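Protein chains in written order, with my numbering: chain A, 41 to 338; chain B, 41 to 338; chain C, 41 to 338; chain D, 41 to 338.
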């Protein structure tokens, strides 16, 4: 692991709670944060993919960021998801996030006109955002949602911009993570975007993980990370292998609905996602409970 | 062609003009509409993919729809692009579009959480939108931008909802278009989403086309359509084959930047797209001019 | 339709029959051909995808080609599928096919090292094969099986080689078919590779179809083709739309096992495909029978 | 790493040498093997993807396997690539490979009729092959060439067959490798299929690697493996990161032509691949030489 960055460690990308009417539930958000604050997490991602950023309108986005900053201690990082389809809106939201107290902005590549989003076009976009943003930028590679996969060369080039401090990569291509680690600026943080490949990512030099699983299993995620940092790779692997199936359930298999259901099973506020996402069906809840139990989380 | 629908004919999906500062240029929009109104087009799609809907914020979206309605004669249809990531925001925008005078709403499938967007989930979404919308709904299949390809069975099922009146399909799979035509409600309109396959789509029963090319070559698009409607398939084919390359240039190859550049060559207001889309490079302008000339458009 | 080619018309790509022991059943092949010969089909494709070419070893390949030539009248074309992974083996099989009486060779692009199979590399391959082959070459675009989709520009370039006489395209992209038709040599035949899009392909200038459906519904395929050739597009469309679902069942949905099952329902020899293809499950046979009845084939 | 398997360690998948006339060069094969035998490699894969198996006819396949067995010491494993499109031909070649002295057969999934190659169909195929083969079977997952990606569940199920002893996975999905390692039989070997992800694969319990890079950098591959086995993950990572770019060049980027060119630079017999693969262009040779030098291989 790189120890030269302050953008590593373990951070959960927190879900946005909605009440029975489907409105943002700020109290529930604060209660969840109070629970997570009991663990030595490095910080939080607010309004990432698990935060259903795309489901909120502008006033709701303000409210969630404001509330989260209240609930996140000053000495922990708050990273705000701010990807928008246009460069100008992305810049506007980076600035708003900075004004609302975010320590960094997590920026998705624009993806609607994906044929036009060549590596060169993406470079122009990210540089324009990084130039104009009042807070540092983390790149956010999320091919399963965007259909765009940032390549190593693009990321290495962008690492030379002083306001671009790292990448959250959810694609899981450890060859790419290794190549970025080898050729990017030393200060640039490579962050695993899913607990399914945290240990292999650390093995090639990742600085930490932004892990949906850390919402429901912060202790296990921290233990996996600490073991690898301390050189106990047998222990790290043992935890890693035990976490793969439950992590898949709350991420790529069943997604946010399963993560919210698991939060309820763990005593947190989960609630329903917004449509078109549907609450996890009852039959899958039993299977999810079993997966949580098998992994030692319940 | 089906003659039982009022949702057929030829409609251009119009670009949104931006001024030198990058702001919405409402005057230019009105001037462009005045030009197009000289042709017997059935109507217009406002804020579709060519309208850079995803690049506008909410106030800009209001302004463009309001302005377009002023410029579009009452007896021509105004179809508003209103796809949003959440069901609730999509419904809200369908209603706003209705209040602003749109005759129908063109609704993209939500695509961010695409793994969860099963045919069943999409049905629930579109039905909820159609139930709540004050104006009719056209489905909008645009796999190149969304990564989601509505299948024939889903579309046929949705055709039975009385407030869902048709589909604009830009995927170009004529087998699917034919299957929808055969099994959907008779009143349901199948509309070709690109001039590259208008004639083959008409050959399997499409009712018309929403064609980017109609912004720069309305006469040719109308001639192609009229020839097929009148049974002169030799003439229809001759025009069709001549339009394929120039159409590809202003759609799937170079996209909105090329369409806007071609509009300028045709004496319309084109202007630059919003970043991250970039104006068409100079070298490609020459090639575009040649393609327009080869097709008899310039 | 182009009338300048002798490579048009309707041809079935015939299945290879296997007996109960899984060996090639030459008698059954001859009996099937005798049945098809009663229809005015332009010829046959032997050992294409429906012929399970990839499942045969070299001696079996010889036997099937030899037998087919016996069963195919001299005045009907026999086109032999001869795609191989290496250029040298492809050439060897073109020559053998010529010696065995084939009128043309249908050549798949090599696809194992697909990353290396750039348009330029494919041009070199096809030109080398066409140079060395004793019989004319038809290109065979079959992206569903090869993962490679020949683009229009490559095909147009190859059309200038005098020993390359056409393309069977099973991809179904009618825009591409139209572009090839417009820019390829006039003598070059564009042939639809599936009955699901025969009429739209004819609408953009295709010369005919090599259609799995013609094995079980030669009359309907010929009627669809004849109607379009005679300018009766309403009739052509009516048949086309009726054939889409049954055609999907015996091609892209259930494949060769369904085609063989349908042949049995039609009184031909079908038999089982070779593993790893499995005979059509019983439940699907009922559905297939219903689809055949709905289409007027049974 | 699992130490309970004899199918681990480092093995090069060796290229098949062709002489100037394009014929198999058995002498060159023996000379290459004599060089590799100087390193403590666990064995060799003969006629895998790097061996251009798909480019050889049957007599050539016999000759290469026979020759390789002569050049491979008895105490080193010879694994023969024998994937064929049909179950019956795959079985025939497993048996022939056994008769020619192979210790195991590396079996690709059939991929031509890929739509039909469901997990269930692949299970039936691999079980039939494993039942009938006289030698043990290793599964070969190579999605870049086959378009088929074996999933973890299928592999875990197959691991319970006593004649299926492991998997070479070239897909690089370490989450999948971890899941297989956790749930497959303990004796079942998970083998990394590319040097680009050897260390992360070992971190989740892989038993070794079948690495194209080991043809040209056996010392480095062995050092990387040994460091990880001994728990020196810092050293393993250092070598790993240094190998990523050169490994990409001789595998997924430029493939067999680059591997053969690199072999010549290292004093081995390389020669040209068979068409449609083309020799590495001169310009890329300079770049390849630089990559080899940067990695400390030249």
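Virtual Cβ for every residue (Gly too), placed ideally from N, Cα, C.
Model, not experiment: these values are computed from the prediction.
- Query: Alpha carbon to alpha carbon, what distance is there between residue 164 (chain C) and residue 197 (chain A)?
  - Reply: For the purposes of this step, residue 197 (chain A) is identified with residue 157 of the first chain, where counting begins at 1. For the purposes of this step, residue 164 (chain C) is identified with residue 124 of the third chain, where counting begins at 1. Approximately 36 Å, taken between the alpha carbons.
- Task: Using a Cβ cut-off of 9 Å, pull out every chain D residue sitting near residue 321 (chain A), in sequence order please.
- Result: Along the first chain, read from residue 1 onward, the residue named residue 321 (chain A) stands at position 281. For residue 321 (chain A), no chain D residue has a C-beta closer than 9 Å to its own C-beta; the minimum C-beta separation is roughly 20 Å.
- Are the C-beta of residue 152 (chain D) and some C-beta of chain C separated by less than 7 Å? Walking along the fourth chain from the start, residue 152 (chain D) turns up at place 112. Yes, residue 152 (chain D) lies at the interface with chain C (some Cβ there is under 7 Å from its Cβ).
- Message: Quick check: residue 47 (chain C) and residue 229 (chain C), are their CB atoms within less than 7 Å of each other?
- Response: Here residue 47 (chain C) is taken as the residue at index 7 of the third chain, counted from 1. Here residue 229 (chain C) is taken as the residue at index 189 of the third chain, counted from 1. In contact: residue 47 (chain C) and residue 229 (chain C) (Cβ atoms closer than 7 Å).
- Query: What residues from the segment 209-223 of chain A come within 7 Å of chain D, judged by C-beta to C-beta, listed N to C?
  - Reply: 212, 213, 214, 215, 218, 219, 221, 222
- Task: Classify residue 271 (chain C) as buried or exposed, calling it buried when 16 or more other Cβ atoms lie within 10 Å of its own Cβ.
- Result: Taking the first residue of the third chain as 1, we reach residue 271 (chain C) at position 231. Classification for residue 271 (chain C): exposed.
- Give the range of the alpha helix (DSSP H) segment to which residue 284 (chain A) is assigned. Translated into positions along the first chain, residue 284 (chain A) becomes position 244. 273-288 is the span of the alpha helix (DSSP H), which, as asked, contains residue 284 (chain A).
- Message: What does DSSP give as the partner residue(s) for residue 53 (chain B) in the beta ladder?
- Response: As a working mapping, residue 53 (chain B) is identified with position 13 in the second chain. DSSP lists B:85 as the beta-bridge partner residues of residue 53 (chain B).
- Message: For residue 214 (chain D) and residue 147 (chain D), what's the separation of their Cα atoms in angstroms?
- Response: The residue you call residue 214 (chain D) lines up with position 174 of the fourth chain. The residue you call residue 147 (chain D) lines up with position 107 of the fourth chain. Cα to Cα, the separation comes out at about 21 Å.
- chain B contact residues for residue 243 (chain C), given Cβ-Cβ distances below 7 Å: Your numbering for residue 243 (chain C) matches position 203 in the third chain. Among the residues of chain B, those whose CB is under 7 Å from the CB of residue 243 (chain C) are 239, 240, 243, 273, 277, following chain order.
- When DSSP builds the beta bridges, which residues end up paired with residue 180 (chain D)? Here residue 180 (chain D) refers to the residue found at position 140 of the fourth chain. D:208, per the DSSP bridge assignment.
- Given that a residue counts as buried once 16 or more other Cβ atoms are within 10 Å of its Cβ, and exposed if not, what is residue 127 (chain D)? As a first step, residue 127 (chain D) must be located in the fourth chain, where it is residue number 87. Buried is the call here.
- Query: Taking just the CA atoms, how far does residue 92 (chain D) sit from residue 56 (chain D)?
  - Reply: Here residue 56 (chain D) refers to the residue found at position 16 of the fourth chain. Here residue 92 (chain D) refers to the residue found at position 52 of the fourth chain. Each residue's Cα considered, the two are about 7 Å apart.
- How would you label residue 122 (chain C), buried or exposed, when you count the other beta carbons within 10 angstroms and need 16 or more for buried? Taking the third chain and counting its residues from 1, the one referred to as residue 122 (chain C) is at position 82. Counting the other Cβ atoms within 10 Å of the Cβ of residue 122 (chain C) gives 16 or more, which makes it buried.
- Query: Taking buried to mean at least 16 other C-beta atoms within 10 Å of its own C-beta, is residue 328 (chain D) buried or exposed?
  - Reply: Start at 1 with the first residue of the fourth chain, and residue 328 (chain D) comes out as number 288. Result: buried.
- Query: Cβ of residue 317 (chain A) less than 7 Å from any chain B Cβ?
  - Reply: Translated into positions along the first chain, residue 317 (chain A) becomes position 277. So, interface residue.
- Query: Looking only at C-alpha atoms, which of D:323, D:234, D:218, D:150 sits nearest to residue 245 (chain D)?
  - Reply: The residue you call residue 245 (chain D) lines up with position 205 of the fourth chain. If we check each option's Cα against that of residue 245 (chain D), D:218 comes out closest.
- Item | Whether residue 264 (chain D) touches residue 280 (chain D) by CB criterion (7 Å) | On the fourth chain, residue 264 (chain D) is found 224 positions in, with the first residue counted as 1. On the fourth chain, residue 280 (chain D) is found 240 positions in, with the first residue counted as 1. Yes, Cβ-Cβ distance for residue 264 (chain D) and residue 280 (chain D) is below 7 Å.
- Who are the neighbours of residue 284 (chain A) on chain D, taking C-beta pairs under 8 Å? Counting from one through the first chain, the residue named residue 284 (chain A) turns up at place 244. Result: 215, 218, 219, 222.
- Span of the alpha helix (DSSP H) holding residue 239 (chain B)? Indexing the second chain from 1 puts residue 239 (chain B) at position 199. 238-243 is the span of the alpha helix (DSSP H), which, as asked, contains residue 239 (chain B).
- Query: Cβ of residue 322 (chain D) versus every heavy atom of the ligand ATP: is any distance shorter than 6 Å?
  - Reply: Annotation note on the ligand ATP: not contained in the displayed structure, which lists no ligands.
- Message: I'd like to know if residue 135 (chain C) contacts chain D, where contact means its C-beta is closer than 7 Å to some C-beta of that chain.
- Response: The residue labelled residue 135 (chain C) in the question sits at position 95 within the third chain. False, the Cβ-Cβ gap to chain D never drops below 7 Å.
- How close, in whole Å, do the beta carbons of residue 72 (chain B) and residue 308 (chain B) come, if the pair is a contact with beta carbons under 8 Å? On the second chain, residue 72 (chain B) is found 32 positions in, with the first residue counted as 1. On the second chain, residue 308 (chain B) is found 268 positions in, with the first residue counted as 1. Confirmed, about 5 Å.
- Message: So for residue 256 (chain B), helix, strand or coil by DSSP?
- Response: Position 216 of the second chain, counted from the start, is the residue given in the question as residue 256 (chain B). DSSP places residue 256 (chain B) in coil when its eight states are reduced to three.
- Using DSSP bridges, identify the partner residues of residue 310 (chain C). The sequence position of residue 310 (chain C) within the third chain is 270, counting from 1. In the DSSP assignment, residue 310 (chain C) forms no beta bridge with any residue.
- Proximity below 7 Å, CB of residue 107 (chain C) to CB of residue 66 (chain C): Translated into positions along the third chain, residue 107 (chain C) becomes position 67. Translated into positions along the third chain, residue 66 (chain C) becomes position 26. Cβ distance < 7 Å, so residue 107 (chain C) and residue 66 (chain C) count as in contact.
- Message: Using beta carbons (cut-off 7 Å, strictly below), is residue 42 (chain C) in contact with chain B?
- Response: On the third chain, position 2 is the one that residue 42 (chain C) refers to. With a pLDDT of 46 at residue 42 (chain C), under the threshold of 50, the predicted position of this residue should be treated as unreliable, though the coordinate-derived value follows. It does not; no Cβ of chain B falls within 7 Å.
- Please work out which residues of its chain come closer than 8 Å, Cβ to Cβ, to residue 58 (chain A), disregarding the five sequence neighbours upstream and downstream, and give them in chain order. Looking up residue 58 (chain A) in the first chain gives position 18. In the same chain as residue 58 (chain A), and ignoring 5 residues on each side of it, the C-beta atoms closer than 8 Å to its own belong to 64, 65, 311, 312, 313, 314, in chain order.
- Using the Cα positions of residue 110 (chain B) and residue 235 (chain A), report the straight-line distance between them to the nearest angstrom. For this step, residue 110 (chain B) is matched to residue 70 along the second chain. For this step, residue 235 (chain A) is matched to residue 195 along the first chain. Going from the Cα of residue 110 (chain B) to the Cα of residue 235 (chain A) covers about 53 Å.
- Message: Less than 7 Å between the beta carbons of residue 86 (chain D) and residue 120 (chain D), yes or no?
- Response: As a working note, residue 86 (chain D) is residue 46 in the fourth chain. As a working note, residue 120 (chain D) is residue 80 in the fourth chain. Going by C-beta atoms, residue 86 (chain D) is nearer than 7 Å to residue 120 (chain D).
- Message: I need the DSSP call for residue 123 (chain C), collapsed to helix, strand or coil.
- Response: For this step, residue 123 (chain C) is matched to residue 83 along the third chain. In the structure shown, residue 123 (chain C) sits in coil (DSSP, three-state: anything other than H, G, I, E or B).
- Proximal residues to residue 267 (chain B) (C-beta, below 6 Å), its chain only, five neighbours per side dropped: Taking the first residue of the second chain as 1, we reach residue 267 (chain B) at position 227. Answer for residue 267 (chain B): 275, 276, listed in chain order.
- Paired residues, beta bridge with residue 190 (chain A) - DSSP: Residue numbering aside, residue 190 (chain A) sits at position 150 when the first chain is read from its first letter. Partner(s): none; residue 190 (chain A) has no beta bridge.
- Message: I'd like to check one pair, residue 136 (chain D) with residue 83 (chain D): are the Cβ atoms closer than 7 Å?
- Response: Working through the fourth chain from its first residue, we reach residue 83 (chain D) at position 43. Working through the fourth chain from its first residue, we reach residue 136 (chain D) at position 96. No; because the gap between Cβ atoms is not below 7 Å, this pair is not in contact.
- Query: Taking the continuous beta strand (DSSP E) assigned at residue 147 (chain D), which residues delimit it?
  - Reply: Translated into positions along the fourth chain, residue 147 (chain D) becomes position 107. Taken as a continuous stretch (DSSP letters only), the beta strand (DSSP E) holding residue 147 (chain D) covers 144-147.
- So what does DSSP say about residue 138 (chain A), is it helix, strand or coil? On the first chain, residue 138 (chain A) is found 98 positions in, with the first residue counted as 1. Helix, per DSSP.
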